[in-house]
Amino acid sequence: MKTTVLASALFVAALGVAPFASAQQSTIHLTGSNQPPPQNIAYPYGTLKIDVDATDIGHRIFNVHETIPVKPGSSIYLLYPAWIPGDHEPSGPIDKFAGLIIKANGKTIPWKRDKYNVYAFHVDVPQGADSLDVQFQFLSAQNHSEGPIIMTPEMLDLSWNTVSLYPAGYDANRIQTVPSVTLPAGWKFGSALEVASQNGNTVTFKPIDYMNLVDSPIYAGKYFKRLDLTSKNSPPVHMDIVADQPKDLAVSDDALKALKNIVVQMDRLYGTFHFNHYDFLFSLSDKMSGKGLEHHRSSEDGTGPDFFTDWNLDTPHDLLTHEFNHSWDGKFRRPADLSTPNFNVPMGDSLLWVYEGQTQFWGNVIAVRAGLENKDTGLALLARVAATYDMDRPGFRTWRNVQDTTNDPVIAQRAPLPYRNYQGSEDYYSAGQLIWLAVDGKMRQLSHNKHDLDDFARAFFGVDPGAWTIDTYDFQDVVDGLNKIVPYDWASFLRERLDGHGDLADGLKLEGWKLVYKSEESKAAKAVMASFSKRYPKFAGGADFTYSAGFSASAKGDLRNVRWDGPAFKAGLAPGMTIVAVNGTDFSPDAMKQAIKDAQGNNQPIKLLVKDFNEYKTLDVDYHGGLKYPDLERIQGTPDYLSQLYAPKK
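Letter by letter, the sequence shown follows residues 1071 to 1720 of the numbering used here.
Rendered as structure tokens:
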């Protein structure tokens, strides 16, 4: 994922926070350029040499020097990558690209940015010059308002798309490169790249095509630890950890066992691996931004510093399983419209409900199967997602559908939205998760539990053992793959859920469970909320009344989410307001809970004093249904397929 989002993404969105993402937020224009289209021919002039100096951690600057072989006297375009795989959008951070100087035969030559495509630079190569010396800087974010923090005094995240230009007119996998990086003294690193040599702090990697170079980032840091997660059947799998402090690198035996089980359970799901080695690049930091971005032979994963030191199975731990799953679903088997010849050809996102939706499904399930989290936590997350589409996504019952949300990476680029619950935002993740839950339940029902989604996953994504090329698919391929396991009208089944406005959580019933609302949060739900509050400190002590009064707020009463057309919305509340008092007393989450309890069964409204900019007003919330928190219950007398789904595979 994209940059990707965790299984709790809709839980996050319900509280008014943009989904977890690595993508930059920028508006760009890619049409009208005269640049030549990419061709599937080898770049004929030689190998690009890309040298990155990553030692200026104080200024958070990456200094770049490239040598690009060219045809003397030619006219060329150099491209800065725009469409970044995993982000599903034109998120290349061109706004942080600076200081471009191009020389030929030792003399500076002019360049001109394309009028309509800010990612393209036109250069006339002088006669007699067979290479260009290119220098520039990548000025990484100094604070979170400028984008993700990728360089701190203790660690860095080097993405090659941010520190390189490449020649237009050729498929990226037909352009050969020799990359190198100079790191701060004493730092260690992890990457899917293979080392050719090391001289002091400068590491030179083996030649690799540009497509796979961009797919092979580096995590480096002062405090570093490498874990071996290789299973009996797998190629080498490692976790390369960088941390703010040495103490954060302490990994318990239980945690290590669960991490190793990820590889074991993925093997039992798919039956094969599509990489020759794999590295989880894992940052534990309060300084560097969290991340979740998939690659074919690695993933960029970032969370808080206490991931290991506060290890417990009540906390959602599906980031690693989500991103690892993408090696099969998204990187090896890839939607045809997402497989582009280079990084400046627009991608199509129409099948993100498979790419991200099924990965969301397996990320949640494998986290439980591997023992990263307990079953109750997995069910609590699933209950939250089901409740979102039962109550907190009214737009999906009226004007929006799941298929349309596959356009969201380009429409919104994960920017904050005023009414996310009504507008929708990348719902192909969690709505997709529910669609695949329904597919699993339907397959079990039709086959009398002889077949399930595991069988489809193995047959569709587990083909061609050892291959780490790209195998594309389209909608019909998905339908045909399902029909090979269990014959049915899968095209209609899927399109009804993708294009319609019906119940997206109907798969629960097929699995033998139902969504209910209770007046008290379950232990697992409280643990999930506590984990969320730790990750987003500004929400610590806050309260979620999304499924009752129809809003969520911080501990100080700052409204983050107001459910469209819910009781609070009808009373006049809106995101951005602050609740000052409840029924004449100071606001607190406990005071609000008590007010909701007191209003149950009578006709007296809950009176809220709110601040809207510099104005104060009292609003009456006409709600009398009591506290409501989503939970799951068994449907008695039906098979419990959901428990079978979450059970570890032997």
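For each residue, glycine too, the CB sits at the ideal point set by N, CA and C.
Bridge partners - residue i, DSSP secondary structure assignment
i	result
residue 1724	Residue 1724 lies beyond the range of the chain shown here (1071 to 1720); nothing can be said about it.
residue 1710	BP columns for residue 1710 are empty, so no partner.
residue 1237	1148
residue 1268	1273
residue 1221	1226
residue 1556	DSSP output for residue 1556 lists no bridge partner at all.
residue 1461	For residue 1461, which the question treats as bridged, DSSP gives no partner whatsoever.
residue 1259	1290
residue 1205	1135 and 1171
residue 1251	1122 and 1273
residue 1700	1587
residue 1628	1648
Burial state of residue i, where buried means 16 or more other Cβ atoms lie within 10 Å
i	result
residue 1483	buried
residue 1685	exposed
residue 1113	buried
residue 1393	buried
residue 1542	exposed
residue 1346	exposed
residue 1447	buried
residue 1265	exposed
residue 1186	exposed
residue 1660	exposed
residue 1267	exposed
residue 1414	buried
residue 1369	buried
residue 1666	buried
residue 1485	exposed
CA-to-CA distance, residue j to residue i, given in whole angstroms
i	j	result
residue 1718	residue 1388	15 Å
residue 1141	residue 1201	8 Å
residue 1658	residue 1692	19 Å
residue 1622	residue 1474	26 Å
residue 1379	residue 1604	14 Å
residue 1708	residue 1567	24 Å
residue 1451	residue 1628	24 Å
residue 1332	residue 1391	7 Å
residue 1553	residue 1233	45 Å
residue 1619	residue 1562	37 Å
residue 1454	residue 1383	18 Å
residue 1124	residue 1602	33 Å
residue 1367	residue 1313	22 Å
residue 1324	residue 1376	15 Å
residue 1300	residue 1651	56 Å
residue 1127	residue 1625	36 Å
residue 1151	residue 1246	16 Å
residue 1262	residue 1188	30 Å
residue 1374	residue 1360	7 Å
residue 1396	residue 1305	16 Å
residue 1517	residue 1371	38 Å
residue 1281	residue 1412	7 Å
residue 1085	residue 1556	Because the pLDDT of residue 1085 is 48, which lies under 50, any placement of that residue in the model is unreliable, and the question is left without a value.
residue 1673	residue 1641	15 Å
residue 1258	residue 1274	14 Å
residue 1422	residue 1498	6 Å
Cut-off 6 Å between Cβ atoms - residues of its own chain near residue i, not counting five sequence neighbours on either side
i	result
residue 1194	1145
residue 1222	1357 and 1358
residue 1540	1404 and 1409
residue 1437	1387, 1388, 1391 and 1443
residue 1441	1328 and 1331
residue 1696	1589 and 1670
residue 1467	1571
Same chain, Cβ closer than 8 Å to residue i, five either side skipped, listed in chain order
i	result
residue 1599	1591 and 1614
residue 1489	1632, 1634 and 1645
residue 1322	1378 and 1381
residue 1308	1260, 1296, 1297, 1298, 1299, 1300, 1347, 1348, 1349 and 1350
residue 1416	1100, 1153, 1160 and 1410
Contacting residues, own chain, Cβ-Cβ under 7 Å from residue i (five flanking each side not counted)
i	result
residue 1765	With the chain represented from 1071 up to 1720, any question about residue 1765 goes unanswered, as that position is not in the structure.
residue 1535	1342
residue 1703	1583, 1584 and 1586
residue 1460	1575 and 1585
residue 1682	1647
Interface flag, residue i vs chain D, CB-CB below 8 Å
i	result
residue 1149	The chain labelled as chain D is not found in the depicted structure, where only one protein chain is given.
Minimum length 4: unbroken alpha helix (DSSP H) runs contained in the region 1559 to 1609: 1560 to 1569, 1577 to 1580 and 1593 to 1605
Report the start-end ranges of each beta strand (DSSP E) in the region 1472 to 1543 that is 3 residues or longer and not cut off at the edges. 1541 to 1543
Write down every uninterrupted run of the alpha helix (DSSP H) in the region 1661 to 1693 whose length is 4 residues or greater and which is fully enclosed by it, in chain order. none
Every unbroken beta strand (DSSP E) within the region 1414 to 1452, with a cutoff of 3 residues, ordered by chain: none
Let me know the beta strand (DSSP E) ranges lying completely inside the region 1339 to 1394, each 3 residues or longer, listed in chain order. 1348 to 1354, 1361 to 1364 and 1368 to 1373
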